[in-house]
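Written below as structure tokens is the structure these notes are about.
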Amino acid sequence: MMKTDLAEIYRNYIACLNRQDWPQLGQFVDEDVCHNGRRLGLSGYRAMLEGDFRDIPDLRFNIVLLVSDASNVASRLAFDCSPKGAFLGLGVNGKRVSFAENVFYEFRDGKIVQVWSVIDKVAIEAQL
1 MMKTDLAEIY
11 RNYIACLNRQ
21 DWPQLGQFVD
31 EDVCHNGRRL
41 GLSGYRAMLE
51 GDFRDIPDLR
61 FNIVLLVSDA
71 SNVASRLAFD
81 CSPKGAFLGL
91 GVNGKRVSFA
101 ENVFYEFRDG
111 KIVQVWSVID
121 KVAIEAQL
């Protein structure tokens, strides 16, 4: 798969998340997807994302950096949102916070099979 194709698939995946178009998630995510070393499968991955949107009603994924090769995507995502209660163990409780997430994805046959994610918790702590 060409570099530009994978980047485009990723942009479409992010658009799918922002629309909360859960029936289309399987177009981008493999049935056996793993997140941070834990096999969630597509249904578990979807449940995780649905929970994120429940806990953060104004959640929106914004790509600020995107690098891809034949089978991997690295992305820095920016967030400016108001989690309802505790977030990452922090009592955010509706306060607007801005932070970044660095995410690495492995693709196979055009679908995400592995996700490694690190959220900048220190940036959130500094705003509370």
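Each residue of the sequence shown is one higher than the last, beginning at 1 in full-length UniProt numbering. The C-beta atom is built at its ideal place from N, Cα and C for all residues, glycine as well.
(request) For my contact list, S71 and E101 are in at a C-beta cut-off of 8 Å; report their separation, rounded to the angstrom. (result) Not really, about 21 Å apart at Cβ, beyond 8 Å.
(request) Determine, using beta-carbon pairs with one atom in the stretch 75-91 and one in the stretch 49-61, whether at least three such pairs fall under 8 Å. (result) In this structure the stretch 75-91 touches the stretch 49-61; the number of beta carbon pairs closer than 8 Å is three or more.
(request) Indicate the three-state DSSP secondary structure (helix, strand or coil) for A70 in the structure shown. (result) coil
(request) Could you tell me which residues DSSP pairs with W116 in its beta bridges? (result) F104
(message) Report the CB separation of residue 186 from C16 in whole angstroms; it is logged as a contact under 8 Å.
(response) The shown model of the chain, from 1 to 128, leaves out residue 186, and the question about it has no answer.
(request) Taking G89 as the reference, give the member of G41, F99, A74 and I124 with the closest Cα. (result) Per the Cα distances, I124.
(message) Buried or exposed, going by whether 16 or more other CB atoms sit within 10 Å of the CB of V67?
(response) exposed
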